[in-house]
Amino acid sequence: MNKTFFLDQHGCAKNQVDGELIITRLEKMGLTRVEDAAEADLIIINSCGFIESAKKESLDSLMGARTAYPDAKIILAGCLAERYAELFKTELPEADGIFGNGNIDLIDSAVKELFDGKRPVVKPAQKGVCSGDRDTYLNFKGSAYVKITEGCNNRCTFCAIPIIRGELRSRNADEIVKEMQQLSDSGIHEINLIGQDLAAYGTGATDDGFTLPELIKKISKEVKGNIWIRLLYIHPDHFVPEILDEMKKDSRFLPYFDIPFQSGDSDVIHAMNRKGSSQEYIRLVKKIREVFPQSAVRTTFLTGFPGETEKAAENTCDFLKAIESDWSGCFTYSREDDTPAARMKNTVPKKVAVQREHRLQEIQSEITERRLKERTGKIYDVLVEEIVENQSGGDDGLAIGRAWFQAPEIDGSVVIRYDLDDSKAVSEIVPGALVKVKVFASSQVDVDGEYCGS
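Oh and the sequence shown: position 108 is 108 in UniProt numbering, straight run, nothing missing.
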């Protein structure tokens, strides 16, 4: 098919993998991907439908594209399309097609229908894990995401993910190992294992019955190569000690723990339909740091959940001070259709939720700054992401990268300084390469370091 397409990517890493699969499928059909929407015959908005602000951003992108490129065909894909396919069929004429995320393979037929003059509305059943060979990776060279689960069974009262992505399904362990080995062989240094809840791996539609600790053991044994392996998003209620035991055996598994606690108040935690308590979660972080003293912990907080009192908000602040997470994301509660929390009373005014969000962000900033200062004077392997052009005309080189304690896109960076007259440094400091950097300073969420070899 002699057509061009542009992908407008939104949402999380799971949706990014879907976007990469879409690109690969369309290119195999003969379409050509372009970097400028103005040059595209087809524009795909790979949307996010998780919270209200993300939904608005995706729809704004679609409306903007419709206005700017009236002759292009536009497909709304992704989570927003999956969640509201039937509604958009009649209420969103600006989209020439609607494509849900249950089965990315069906994008071929949807695009063919579109260029045949039809208006495809495709909402595939949620089966299996959307995965497979990808020829394109939307993050920088050297890093990739690998899905190991799809969907979620946790039924947190505020969350629409089970509505959008369905019940949790686990990917076959052999498929995961095969993809990881292919990535390692291709020169990828960082593999981020992702899913809505990695700790629940082994639930649903996997034919080998592996748990997450067993999967870690299998990966450690069968995947070869000098790579970083990062686990992103582990529900605290499902975090078993065996995860730490298996990670400890293979240094390629980074001691980086992304655990979304959401609140530090036990009453709010239980209202969210979570089983743990603030004290149990504090003990979990303590245990992690006993096993991995230099570990990095990231978490997420949700402020303004229905019924969250000022005392509950204070408890969450105290909780953050107690766990001293290296990083955290903080969001205000978004009322989502068809979730139990949407029917709850005692709503918190948006202004109050924002104030509580800012309070947590201030505490986290202080903790992050302090913990980063503890890393000064040490040498780290740093994955180079980009070279910064020298505007001054001098001989000082500058690059941006990440150390193991910084996950892609959500944490800070390492500023790499080097001498442009050093031919070894210039040849080694390229996107996707791993180099050694000695950290000499920190500033807010970033650290400064000097190149000292590879």
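Note that the Cβ used here is the ideal one computed from N, Cα and C, for glycine as well.
If we call anything under 8 Å between Cβ atoms a contact, is residue i one with residue j?
{"i": "leucine 31", "j": "lysine 3", "result": "yes"}
{"i": "leucine 360", "j": "cysteine 317", "result": "yes"}
{"i": "valine 17", "j": "lysine 123", "result": "no"}
{"i": "tyrosine 281", "j": "phenylalanine 261", "result": "yes"}
{"i": "glycine 100", "j": "glutamate 82", "result": "yes"}
{"i": "alanine 72", "j": "leucine 114", "result": "no"}
{"i": "leucine 26", "j": "cysteine 48", "result": "no"}
{"i": "aspartate 446", "j": "leucine 420", "result": "no"}
{"i": "serine 143", "j": "isoleucine 188", "result": "yes"}
{"i": "glutamine 294", "j": "proline 255", "result": "yes"}
{"i": "lysine 224", "j": "glutamine 181", "result": "yes"}
{"i": "glutamate 52", "j": "serine 334", "result": "yes"}
{"i": "alanine 65", "j": "isoleucine 45", "result": "yes"}
{"i": "aspartate 245", "j": "proline 213", "result": "yes"}
{"i": "alanine 399", "j": "glutamate 386", "result": "yes"}
{"i": "alanine 271", "j": "threonine 157", "result": "yes"}
{"i": "alanine 54", "j": "phenylalanine 6", "result": "no"}
{"i": "isoleucine 163", "j": "aspartate 8", "result": "no"}
For residue i, which residues from the same chain have a beta carbon less than 6 Å from its beta carbon, with the 5 sequence-adjacent residues on both sides left out?
{"i": "valine 348", "result": "Gly304, Glu308"}
{"i": "asparagine 315", "result": "Gly264, Asp265"}
{"i": "leucine 231", "result": "Leu193, Leu198"}
{"i": "glycine 453", "result": "Lys436"}
I'd like the span of the beta strand (DSSP E) that includes residue i, first residue to last.
{"i": "lysine 248", "result": "Segment 241 to 248 is the alpha helix (DSSP H) holding lysine 248; no beta strand (DSSP E) there."}
{"i": "glycine 397", "result": "396 to 402"}
{"i": "isoleucine 161", "result": "Not the beta strand (DSSP E): isoleucine 161 falls in the alpha helix (DSSP H), residues 161 to 165."}
{"i": "glycine 432", "result": "It is not in any beta strand (DSSP E) - glycine 432 carries neither H nor E in the DSSP assignment."}
{"i": "isoleucine 259", "result": "No beta strand (DSSP E) contains isoleucine 259, which DSSP labels as neither H nor E."}
Residues in its own chain within less than 8 Å of residue i by CB, not counting five upstream and five downstream?
{"i": "lysine 350", "result": "Gly304, Thr332"}
{"i": "phenylalanine 239", "result": "Ala199, Ile259, Leu284"}
{"i": "valine 177", "result": "Lys218, Ile219, Glu222, Val223"}
{"i": "valine 388", "result": "Leu398, Ala399, Ile400"}
{"i": "alanine 110", "result": "Ile75, Gly97, Phe99, Pro120, Val122"}
Our contact map puts residue i next to residue j with C-beta atoms below 8 Å; I'd like the distance itself, whole angstroms only.
{"i": "leucine 198", "j": "isoleucine 191", "result": "Incorrect: roughly 13 Å between the Cβ atoms, too far for contact."}
{"i": "tryptophan 327", "j": "aspartate 448", "result": "With a Cβ gap of about 18 Å, tryptophan 327 and aspartate 448 do not count as contacting."}
{"i": "valine 382", "j": "valine 414", "result": "5 Å"}
{"i": "leucine 320", "j": "isoleucine 288", "result": "That pair is no contact at about 16 Å."}
{"i": "asparagine 139", "j": "proline 408", "result": "6 Å"}
{"i": "glutamate 357", "j": "cysteine 330", "result": "5 Å"}
{"i": "aspartate 133", "j": "methionine 29", "result": "Rounded, the Cβ-Cβ distance is 15 Å, inconsistent with contact."}
{"i": "leucine 76", "j": "isoleucine 98", "result": "5 Å"}
Nearest to residue i by CA position, among the options, is which residue?
{"i": "aspartate 96", "options": "Leu106, Met63, Asn103", "result": "Met63"}
{"i": "tyrosine 380", "options": "Gln355, Ser365, Glu450", "result": "Glu450"}
{"i": "proline 120", "options": "Asp105, Lys89, Ala399, Tyr145", "result": "Lys89"}
{"i": "glycine 377", "options": "Tyr69, Glu179, Ser442", "result": "Ser442"}
{"i": "glutamate 366", "options": "Thr339, Ser325, Lys287", "result": "Ser325"}
{"i": "tyrosine 69", "options": "Ile45, Ile75, Glu91, Ala38", "result": "Ala38"}
{"i": "phenylalanine 440", "options": "Arg375, Ile429, Pro408", "result": "Arg375"}
{"i": "phenylalanine 253", "options": "Trp228, Arg298, Ala77", "result": "Trp228"}
{"i": "leucine 215", "options": "Ala173, Glu389, Leu106", "result": "Ala173"}
{"i": "asparagine 226", "options": "Ala313, Asp250, Lys28, Asp105", "result": "Asp250"}
{"i": "residue 536", "options": "Ala342, Arg165, Met1, Ser58", "result": "Because the chain is modelled from 1 through 454, residue 536 falls outside the range shown and cannot be assessed."}
{"i": "valine 352", "options": "Asp337, Glu94, Glu310", "result": "Glu310"}
{"i": "alanine 342", "options": "Cys159, Leu7, Asp108, Ala313", "result": "Cys159"}
{"i": "glutamate 94", "options": "Gly102, Leu106, Ser58, Asp116", "result": "Ser58"}
{"i": "tyrosine 233", "options": "Phe210, Gly151, Gly166", "result": "Gly151"}
By the DSSP assignment, the alpha helix (DSSP H) with residue i in it spans what residues?
{"i": "asparagine 101", "result": "Looking at the DSSP string, asparagine 101 is not in any alpha helix (DSSP H), and its letter there is neither H nor E."}
{"i": "aspartate 60", "result": "52 to 68"}
{"i": "phenylalanine 5", "result": "First-last for phenylalanine 5: 4 to 9, but that is the beta strand (DSSP E), not the alpha helix (DSSP H)."}
{"i": "glutamate 20", "result": "13 to 29"}
{"i": "leucine 215", "result": "212 to 222"}
{"i": "leucine 168", "result": "No alpha helix (DSSP H) holds leucine 168; DSSP gives it neither H nor E."}
{"i": "isoleucine 269", "result": "266 to 271"}
I'd like the list of long-range same chain contacts for residue i, defined as Cβ closer than 7 Å, with 5 residues on each side in sequence excluded.
{"i": "threonine 203", "result": "Asn153, Leu168, Ser170"}
{"i": "aspartate 237", "result": "Arg274, Lys275, Gly276"}
{"i": "phenylalanine 405", "result": "Tyr256, Ala296, Asp326"}
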